[in-house]
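What follows is a single structure, written as structure tokens, with notes after it.
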Amino acid sequence: MTTSKGTIQGYNGIAINDDKHQIILQAQTCGSVGEQQTLQPAVEQLKQQLNKLNANRTSKEQAIKFTADSGFNSEANLEFMAQSGFDSYIADNQFRKRNPLFKESETYETEQEKRRLKRSKGKPRLFTSDDFHYDEVTQTCRCPAGNEMWRSGINVNSHHQQYTRFCGYLKDCKICPLQQQCMRKPPIKTGRQVQFKNDESCKKLSYIDKMKVKIDSPMGRRQYSKRLGSIEPVFGNITVNKGMNKLTLRGQTKVNTQWQLYCLVHNIEKLQNRVH
118 MTTSKGTIQG YNGIAINDDK HQIILQAQTC GSVGEQQTLQ PAVEQLKQQL NKLNANRTSK
178 EQAIKFTADS GFNSEANLEF MAQSGFDSYI ADNQFRKRNP LFKESETYET EQEKRRLKRS
238 KGKPRLFTSD DFHYDEVTQT CRCPAGNEMW RSGINVNSHH QQYTRFCGYL KDCKICPLQQ
298 QCMRKPPIKT GRQVQFKNDE SCKKLSYIDK MKVKIDSPMG RRQYSKRLGS IEPVFGNITV
358 NKGMNKLTLR GQTKVNTQWQ LYCLVHNIEK LQNRVH
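Each residue of the sequence shown is one higher than the one before, counting from 118 in the numbering used here.
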């Protein structure tokens, strides 16, 4: 699993709860590097749980709103959620940057810069595709230093989108004064590569693009803002208040059972407080 200290061997606890009572409805562990592949099986199990709870009632899944953080955002997951019947709100890693409230916040920008410098170990920000000068009509591209780039690919498929790809000439990249701002390492075999969405791909919105439009709307931001006060206190109660912050067993089955027992302790406390 990936942590702030790198990739380590371990398991990550996943939980889905309701926002009104903070009762955990579905819990499991995963030993994979990322969280993206855990969303679909977790939601399938959640739907089974909801079907059991609503055995004698008509379930209106469309009324159920589902939120998740950017760790679960992917084209496959968003397509799955669009067909699941849930009204989902899943952020991407640029969600905060697009928020006008954060865009003009000096405190937010300062903290973001500190995190970026920590991750990059003090290295400057690298140029992105926005820094390159792409002419869609003539199908030409110039790098930030003003050098021409050659077109290395047309209709390149990537993340269910089609791109036009350009590559810098190796002789130019090797002596470029902006090399440290453009490439992580000095070029050896190829120059800097950059790609741009094709016109048809821009017209055809992906599920990621659709979710960006949805979550950037006033309703989307209002719904997603509820996630922090819904799931984070649950993990805080389990790991800090109860001190159950380590999985002491080995093997997927044993670890999964242990995590579900932790979640059961949380649920018992919530139900006890609810009764009294």
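Even for Gly, the Cβ is constructed at its ideal location relative to N, Cα and C.
So the candidates are the options; which of them puts its Cα closest to the Cα of residue i?
| i | options | result |
| --- | --- | --- |
| Asn190 | Asn171, Ile125, Phe313 and Lys327 | Lys327 |
| Phe197 | Glu228, Asp209 and Gln154 | Gln154 |
| Cys258 | Gln297, Asp204, Arg282 and Gly346 | Arg282 |
| Arg344 | Gly123, Gln162, Ala185 and Ile140 | Ala185 |
| Gly337 | Asp204, Gly188, Val160 and Asn194 | Asp204 |
| Gly188 | Asn171, Leu170 and Gln211 | Gln211 |
| Ile271 | Phe352, Val311 and Gln166 | Val311 |
Under a three-way DSSP split, which group does residue i fall into?
| i | result |
| --- | --- |
| Asn358 | helix |
| Asp252 | strand |
| Arg272 | As written in the sequence, residue 272 is Asn, which differs from the Arg given in the question. It is a strand residue. |
| Ile181 | coil |
| Ile133 | strand |
| Asp204 | strand |
| Cys293 | coil |
| Ala172 | Summary for Ala172: the model assigns pLDDT 47, below 50, so the residue's position carries little reliability, and this model does not support an answer. |
| Glu152 | coil |
Suppose you measure from the CA of residue i to the CA of residue j; what does that come to, to the nearest Å?
| i | j | result |
| --- | --- | --- |
| Gly232 | Ser222 | Residue identity differs from the one stated: residue 232 is Arg in this sequence, not Gly. Straight-line Cα distance between these residues: approximately 16 angstroms. |
| Lys291 | Met300 | 10 angstroms |
| Tyr206 | Leu243 | 30 angstroms |
| Ile125 | Ser149 | 10 angstroms |
| Arg215 | Asp333 | 8 angstroms |
| Ala172 | Lys182 | Only weak support exists for where Ala172 lies, its pLDDT of 47 falling under 50; the value from the coordinates is given anyway. Between Ala172 and Lys182, the C-alpha separation is close to 20 angstroms. |
| Val357 | Pro217 | 34 angstroms |
Given a cut-off of 7 angstroms, decide if residue j and residue i are closer than it, judged by their beta-carbon atoms.
| i | j | result |
| --- | --- | --- |
| Glu192 | Tyr280 | no |
| Val372 | Tyr128 | yes |
| Cys380 | Ile141 | yes |
| Tyr286 | Gly308 | yes |
| Ala262 | Cys293 | yes |
| Asp136 | Ser347 | yes |
| Ile133 | Gln145 | no |
| Gln157 | Gln143 | no |
| Leu364 | Gln375 | yes |
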